[in-house]
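Working notes, beginning with the structure itself.
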């Protein structure tokens, strides 16, 4: 598999996106500390008192961005891996991965910086295009096994 | 891997389930627009005003269905892939995948259409059976490496 | 792949962690029943009445633990699989997997038993170390394909 050029390209972009998700998690933690808004009483107690066991709109925004990543990046990790095994054109495959990767990075930036709608939705939709394309190609490739 | 009949079958059912999850995401967006209930102020502003930056029970229901999918379908993507490499009987493997796939589709329908309890819980439990079966088979197959 | 000792070790620890997540899901359901706090009106109706369609802090705690697992264990399933293909030292690889596995189990125990901060955060951070290490090694291994 590590001699499959398409798989290597897929592994590279996927790892970038996982690191991007880790960054969102770190930002969430930083916003919690800065805004003093903790999800657990034991965290609040360690950081000034139970009054900081509370929600905060900025923290919730980070969590929505993170959740949307889970909803979309995790399926990509599966679709991209199987698609890489279908022996696609390396150039076409890279375009798939690149569009998804850029789309998801723009999505995160638009979410966290609260960019004007529909920036975030457009980034989401663009990133879904290669996913649908890969899903359809997988379904076609597995046709002989449909029944 | 693409010559492994079990893996192809697994890839087929998994892709169907990922597409199903994308459908839940699309439905969530449609319900947000119809009920005018947006998760972000910037979305509400674009769709009539800040008063639509609010929660809605129907939207929350879609989100719970989606989250439950993440909790269960994503682990299946891993378990099914490794199980496919264990050289199981193609028929037995297909039964595993099919039960999970049908169970999860029924789960989503029961969730979104608010079918009477315990329809949804039963669908969830049935879908977990092949997952537990695959997990146990993986543990047994990796026994020589337990220490 | 099933002759790759590192992959077998990875498959073992990953399956343990997926089963651990299933246990969190089961605990969540048990706490819902015990505290009579259901996420859906149809579930509440079946369990005593609509007044039990409500949130509960203990249920929310379980759900936060489960969500944190999704945010961290699912990326590990990807990173560990690709890392296993990089032909690492079996001993070094096992140390990566073991640290992650133990870190995540401690994280869950600290979350559910509400252990004093920062037990949970330390477990989370320790478990992230092998993930960052594997991510960096994947990026280095895919260098020739960066452009």
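Residue numbers (UniProt numbering), protein chains in the order written: chain A, 1 to 147; chain B, 1 to 147; chain C, 1 to 147. Just so it is clear, CB atoms sit at the ideal spot from N, CA and C, and this is done for glycine as well. All values derive from a computational prediction rather than experimental measurement.
Query	Result
Secondary structure of residue 53 of chain A, DSSP reduced to three states	strand
Nearest-angstrom Cα separation, counted from residue 127 of chain B out to residue 58 of chain A	37 Å
Residue 81 of chain A versus residue 82 of chain C: straight-line alpha-carbon distance, rounded	10 Å
Within chain C, partners of residue 108 of chain B - CB distance below 9 Å	Near residue 108 of chain B there are no residues of chain C at all, since even the closest Cβ is about 14 Å away, more than 9 Å.
Contacts that residue 96 of chain C makes with chain B (C-beta to C-beta distance below 8 Å)	What residue 96 of chain C touches in chain B: nothing, since even the nearest Cβ is about 14 Å away.
Minimum Cβ-Cβ distance from residue 27 of chain B to chain A less than 8 Å	no
Beta-carbon proximity list for residue 68 of chain B, same chain, < 8 Å, skipping 5 on both sides	107, 111 and 124
Whether residue 19 of chain C touches residue 135 of chain B by CB criterion (8 Å)	yes
Three-way DSSP call (helix, strand, coil) for residue 38 of chain A in this model	strand
Proximity winner among A:2, A:6, A:8 and A:15, relative to residue 101 of chain A (alpha-carbon distances)	A:15
Exposed unless 16 or more other CB atoms sit within 10 angstroms - verdict on residue 138 of chain C	buried
Contact with chain B by residue 127 of chain A, beta-carbon distance below 8 Å	no
Whole runs of the alpha helix (DSSP H) within the segment 69 to 118 of chain C, excluding any shorter than 4 residues	90 to 112
For residue 103 of chain A and residue 96 of chain A, the rounded distance between their alpha carbons	11 Å
Listed by chain order, chain B residues near residue 70 of chain A by CB distance under 7 Å	70
Cβ of residue 116 of chain B within 8 Å of any chain C Cβ	yes
CA-to-CA distance, residue 71 of chain B to residue 28 of chain A, given in whole angstroms	21 Å
Three-state secondary structure assigned by DSSP to residue 29 of chain A	helix
Test: residue 2 of chain A CB closer than 8 Å to a CB of chain C	yes
Inter-residue Cα distance where the pair is residue 46 of chain B and residue 37 of chain B	12 Å
Beta-carbon proximity of residue 105 of chain C to residue 129 of chain C, cut-off 8 Å	no
Proximal residues of chain A, C-beta to C-beta of residue 11 of chain B below 7 Å	82, 138 and 142
Residue 54 of chain B to residue 39 of chain B span [Cα, whole Å]	7 Å
Cut-off 7 Å between Cβ atoms - residues of its own chain near residue 120 of chain B, not counting five sequence neighbours on either side	107, 110 and 111
Exposure of residue 77 of chain B, with buried meaning 16 or more beta-carbon neighbours within 10 Å	buried
Counted within 10 angstroms of its Cβ, other Cβ atoms place residue 74 of chain C as buried (16 or more) or exposed	buried
Chain-ordered neighbours of residue 75 of chain C on chain A, where CB pairs are closer than 7 Å	18 and 21
Straight-line Cα distance separating residue 142 of chain A from residue 86 of chain B	20 Å
Secondary structure of residue 3 of chain A, DSSP reduced to three states	coil
Pairwise C-alpha distance: residue 140 of chain C and residue 12 of chain A	9 Å
Residue 147 of chain B, buried or exposed, once every other Cβ within 10 Å from all chains shown has been counted against 16	Unreliable positioning characterises residue 147 of chain B in this predicted model, as indicated by a pLDDT of 48, which lies under 50. The coordinate reading is nonetheless provided below. By the neighbour-count rule (16 or more Cβ atoms within 10 Å), residue 147 of chain B is not buried but exposed.
Residue 46 of chain C: contacting residues in chain B (beta-carbon distance under 7 Å)	117 and 118
Buried or exposed (CB count within 10 angstroms, at least 16 for buried), residue 92 of chain C	exposed
Residue 79 of chain B at chain C interface by Cβ criterion, 8 Å	yes
Residue 15 of chain B - DSSP class collapsed to helix/strand/coil	helix
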